[in-house]
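Undergrad:
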Amino acid sequence: MQNFHYTNGQLCAENVPLSRIAKAVGTPVYVYSATALAENYQAFANACEGMGALIAYSVKANSNLAVLSLLASLGAGADVVSGGELERALRAGIAPQKIVFSGVGKSRDEMHKALKAGIYQFNIESSPELIALNDVACALNTRAAIALRINPDVSAGGHEKISTGKAENKFGVNIDQARDVYKQADSMAGIEVTGVDIHIGSQIDSLAPFETALLKGLDLVRDLRRDGHNILTFDMGGGLGIVYNQDEDTLPSAADYMDMVSRHTKGLDLKMIFEPGRAIAGNAGVLLSCVRYVKHGTARNFLILDAAMNDLVRPALYGAYHAIMPVKEPMSDQTETYDIVGPVCETGDTFATHRRLSVMQSGDLVAMLSAGAYGAVQAGQYNTRPLVPEVLVKDDQFSVIRTRPDLEDILKQESVPDWI
Ligand code: LLP
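Heads up, the sequence shown is in the working numbering, so the first residue is 1211 and it goes up one at a time.
1) Do you know how far the Cα of Lys1481 is from the Cα of Ser1279?
2) By Cβ distance, which residues of its chain are closer than 8 Å to Asn1455, with the 5 residues on each side in sequence left out?
3) Please find out if some non-hydrogen atom of the ligand LLP comes closer than 8 Å to the beta-carbon of Ala1464.
4) Can you tell me which of the three DSSP states Lys1308 falls into?
5) Just verifying my parser: in three-state terms, what is the DSSP assignment at Gly1405?
6) For Asn1333, write down the residues that DSSP places opposite it in a beta bridge.
7) What do you reckon, are the CB atoms on Ala1577 and Ser1499 nearer than 9 Å?
8) Which of the three DSSP states, helix, strand or coil, is assigned to Arg1595?
9) Do Leu1602 and Val1241 have their C-beta atoms within less than 9 Å of each other?
10) Are the region 1588-1596 and the region 1562-1572 in contact at 8 Å, needing three or more beta carbon pairs?
11) Please state if the CB of Leu1522 and the CB of Gly1158 are separated by a distance shorter than 9 Å.
12) Between the C-alpha atoms of Ile1514 and Pro1553, what's the straight-line distance to the nearest angstrom?
13) Looking at the unbroken beta strand (DSSP E) that takes in Ala1583, where does it start and where does it end?
14) Can you give, in chain order, each stretch of the beta strand (DSSP E) that sits fully within the region 1397-1464 and has at least 3 residues?
15) Excluding the five sequence neighbours on either side, which residues of its own chain have a C-beta within less than 7 Å of the C-beta of Pro1157, listed in chain order?
16) Strictly by DSSP, which residues pair up with Ala1647?
17) Please report the straight-line C-alpha distance between Ala1641 and Leu1296, rounded to a whole angstrom.
18) Answer yes or no: the CB of Arg1524 versus the heavy atoms of the ligand LLP, is any distance below 8 Å?
19) Rank Ser1243, Gly1315, Glu1421 and Pro1338 by C-alpha distance to the C-alpha of Asp1363 and give the top, closest one.
20) Please classify Val1504: does DSSP put it in a helix, a strand, or coil?
21) May I ask whether a heavy atom of the ligand LLP can be found less than 8 Å away from the beta carbon of Ser1416?
22) Could you give the distance in angstroms between the alpha-carbon of Ala1288 and the alpha-carbon of Ala1327?
23) Gln1252 and Leu1284 - do their beta-carbons sit closer together than 9 Å?
24) Check this for me: beta carbons of Ser1412 and Arg1488, under 9 Å apart or not?
25) Under a three-way DSSP split, which group does Tyr1251 fall into?
26) Exposed or buried, what is Val1431 when buried is set at 16 or more other beta-carbons lying within 10 Å of its beta-carbon?
27) Judging by CA-CA distance, which residue of Lys1426, Leu1343, Asp1616 and Ala1305 is the nearest neighbour of Glu1320?
28) Are the CB atoms of Ser1312 and Val1290 within a distance shorter than 9 Å?
29) Suppose contacts are defined by Cβ-Cβ distances below 9 Å. Is Glu1556 in contact with Ala1526 by that definition?
30) Nearest-angstrom Cα distance between Met1398 and Phe1214?
31) Could you say which of Ile1360, Arg1359, Arg1524 and Tyr1330 lies nearest to Arg1353 if we only look at CA atoms?
32) Taking 8 Å as the line, does the beta carbon of Glu1485 fall inside it for any heavy atom of the ligand LLP?
33) With DSSP as the reference, identify every bridge partner of Val1523, one or two as the case may be.
34) Mind checking whether the beta-carbon of Tyr1528 lies closer than 8 Å to any heavy atom of the ligand LLP?
35) Would you kindly work out how many angstroms separate the C-alpha atoms of Pro1599 and Tyr1548, rounded to a whole number?
36) Given the structure, does Gly1552 come close to the ligand LLP, in the sense that its CB is under 8 Å from one of the ligand's heavy atoms?
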């Protein structure tokens, strides 16, 4: 994985041994490489150089303020889906003119906040949402720039829970109804129609579904222009997958993806918007954990870690594969097959089954790879386990970018009514 390598027998993030971070911060802990984040962003930026495109990093993938600030310093915009994410993006110094607001259920308060901030575009997903935005914009005596998110009815690989572009999914406006909704939008005093938006899913491992959806979207752009709408932007959403399993996954690069897009959009005079999340953060981070116990059962051997499904839910929720590496470089060929699990009281708290690793002992450290996206952001406190902290590494230095709350922090948010 990018910028995570063995040096002198120790798995390092850039030039910092993970064992050093474990000692200083404790485990479990997320560790990100600033260089990998920057390289991944830059791969997108370089691939669309000259297109005048907006790369709106999808904040949901990893929303830590330090990560956002780093990307802001490189010129990234943001794709946000809540008032909270908008606040993070603004505090990280992302210019409002580079922020798009997506999501099926924006509240009026969130719309208000985003209009006040002066964001670039709202991606609108239904006619009732459009009506609400018009109301809020009119009350503020302003106009909201909108793109309609089109549901192109394209099947986009990935896991069924993260596929969004099929007609039966809750997302977007059916492409056949789109022209009517654009007509409705055009008649609204608080709405300015500016673009078309699609997002068909996540962890997509080939260009074909993107291309099919793009071509459908571009046909719509032509129809809309013929209908008299001033379509200036085209938002491709996110979705480009990453390698989770070195032995099995092959993925198109950001450059392959952009080549395909620019081939079809050349000469159309559209400002392209991209919302990559996973492709920027996914392979820039690991979840570092310690083996609590090695349990030799009758049917299986278990590595019981101090990380659990509440810290990294992807395997439990999507059956997702994460490669797992010992932090101490294996020095012999001796291996053992383990089920790698957490301490939470559910069988679903399993990170991997039948995984062959060097022989492990209690106290050994392991890194779960490709955990930089949809890791920390999806963590919870199930079993009253404090939220896992985050660390950012650059060269030979590291900083804690989110601390581990102590038990008091958690318990003080709760109260017992005096009628009990
Ligand atoms: N834009 C929109 C409107 C989205 O809904 C998403 C992701 C993205 C952009 C960024 O997609 P990406 O480039 O990261 O694929 N929790 C799941 C992934 C959920 C993705 C949700 N939407 C996981 O852990 O795999």
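Positions of the beta carbon are idealized from the N, C-alpha and C atoms, including for glycine.
TA: Inspection of the coordinates gives the following:
1) 24 Å
2) Tyr1531 and Ala1533
3) no
4) helix
5) strand
6) Ala1357
7) yes
8) coil
9) yes
10) no
11) Residue 1158 lies beyond the stretch modelled for the chain, which goes from 1211 to 1630, so this question has no answer here.
12) 7 Å
13) Looking at the DSSP string, Ala1583 is not in any beta strand (DSSP E), and its letter there is neither H nor E.
14) 1401-1407 and 1443-1445
15) The chain is shown only over 1211 to 1630; residue 1157 falls outside these bounds and no answer can be derived.
16) Because the chain here runs from 1211 to 1630, residue 1647 falls outside it and cannot be looked at.
17) Outside the displayed range of the chain (1211 to 1630) lies residue 1641, so it cannot be described from this structure.
18) yes
19) Glu1421
20) strand
21) no
22) 13 Å
23) yes
24) yes
25) helix
26) buried
27) Leu1343
28) yes
29) yes
30) 52 Å
31) Tyr1330
32) yes
33) Note: Val1523 sits in no beta bridge, so no partner.
34) yes
35) 26 Å
36) no
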